[in-house]
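Trainee:
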Amino acid sequence: MTTEITTNEEAVEQILRLLRYFKKIKVGNPFNYNRGFEFLQAHFLGFELLPVGGGSDFVSKDKKKTGEGKGTEWQGLTKKGVEKSHSWSYNGTSRFDTLEEQKEYCKKKIMRDDYHYWTVFDYEEGKLVKTYKVKNVDVWSLIWTKWEKSWYNYNNKDPRIGGTVSTKELNDNNIDYEVITHS
841 MTTEITTNEE AVEQILRLLR YFKKIKVGNP FNYNRGFEFL QAHFLGFELL PVGGGSDFVS
901 KDKKKTGEGK GTEWQGLTKK GVEKSHSWSY NGTSRFDTLE EQKEYCKKKI MRDDYHYWTV
961 FDYEEGKLVK TYKVKNVDVW SLIWTKWEKS WYNYNNKDPR IGGTVSTKEL NDNNIDYEVI
1021 THS
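In the working numbering, the protein residues as written are 841 to 1023.
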């Protein structure tokens, strides 16, 4: 079996096969909410993907630890050969009527999982490059002020709140994290 897709027809066949497989294992649509990335993360990090439903993205095989997964595209190196910063989105979070309710909801959402796994994917090579394993308290320290600002900047077209976090912010704030390198 060839591993390269060379025609539109082959791509259609592969996409439909993937859609059927995700339906069979009851983990949602592989093309919504970054489910495909989360599926890959769960596989390569030794977790099981959980069903869609507003909770954790994956769970350890012993069912004792859950995780939140985020993916982004490899940005490459600068002209000086330094890795560029990568960022991950925390968008589409429900909006609440008061800031107090918002903060309580958001904190529970971030703290639900001990670690957030931020994976860098090389789209051209079709592989995982590395994953940043970041403690929930550190994610919270980076994202809350952005969510709070987003809450104040109400947009009637999409009332949900959002923000991004980056490797630059991890380093600028001297946050300890683990890097898992993928071969």
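Just so you know, even glycine gets a beta-carbon here, dropped at the ideal spot from N, CA and C.
Mind checking which residues open and close the alpha helix (DSSP H) that includes Trp-987?
Mentor: 976-992
Trainee: Looking at Ile-1001 and Glu-1009, is the spacing between their C-beta atoms short of 9 Å?
Mentor: Not a contact, by the Cβ cut-off of 9 Å.
Trainee: Can you tell me which residues form a DSSP beta bridge with Tyr-972?
Mentor: Tyr-972 pairs with Trp-958, Val-1019.
Trainee: Could you round the C-beta distance between Leu-858 and Pro-870 to whole angstroms and report it? I think they count as a contact, below 8 Å.
Mentor: 5 Å
Trainee: With 16 as the cutoff for other CB atoms within 10 Å, does Tyr-861 come out buried or exposed?
Mentor: Taking all protein chains in view, the Cβ of Tyr-861 is surrounded by fewer than 16 other Cβ atoms within 10 Å, so the residue is classified as exposed.
Trainee: Mind checking who Gly-856 pairs with in its DSSP beta bridge?
Mentor: Checking the displayed sequence, the identity of residue 856 turns out to be Leu instead of Gly. In the DSSP output, where bridge partners are listed per residue, Leu-856 has none listed.
Trainee: Since I believe Leu-889 is in contact with Phe-877 (beta carbons under 8 Å), could you give me their beta-carbon distance rounded to a whole number of angstroms?
Mentor: Phe-877 to Leu-889, Cβ: 11 Å. No contact.
Trainee: Helix, strand or coil: how does DSSP classify Thr-1007 here?
Mentor: helix
Trainee: According to the neighbour-count rule (16 or more other Cβ atoms, all chains shown, within 10 Å of its Cβ), is His-883 buried or exposed?
Mentor: exposed
Trainee: Excluding the 5 residues flanking Ser-927 on each side, which residues of the same chain have their C-beta closer than 7 Å to its C-beta?
Mentor: Thr-912, Thr-1004, Val-1005, Ser-1006
Trainee: List the endpoints of the continuous alpha helix (DSSP H) containing Glu-941.
Mentor: 939-951
Trainee: Give me the DSSP bridge partner(s) of Thr-933.
Mentor: Ile-1001
Trainee: Determine the direct distance from the alpha carbon of Ile-865 to that of Lys-973, and round the result to whole angstroms.
Mentor: 26 Å
Trainee: Give the secondary structure of Glu-850 by DSSP, where H, G and I count as helix, E and B as strand, and everything else as coil.
Mentor: helix
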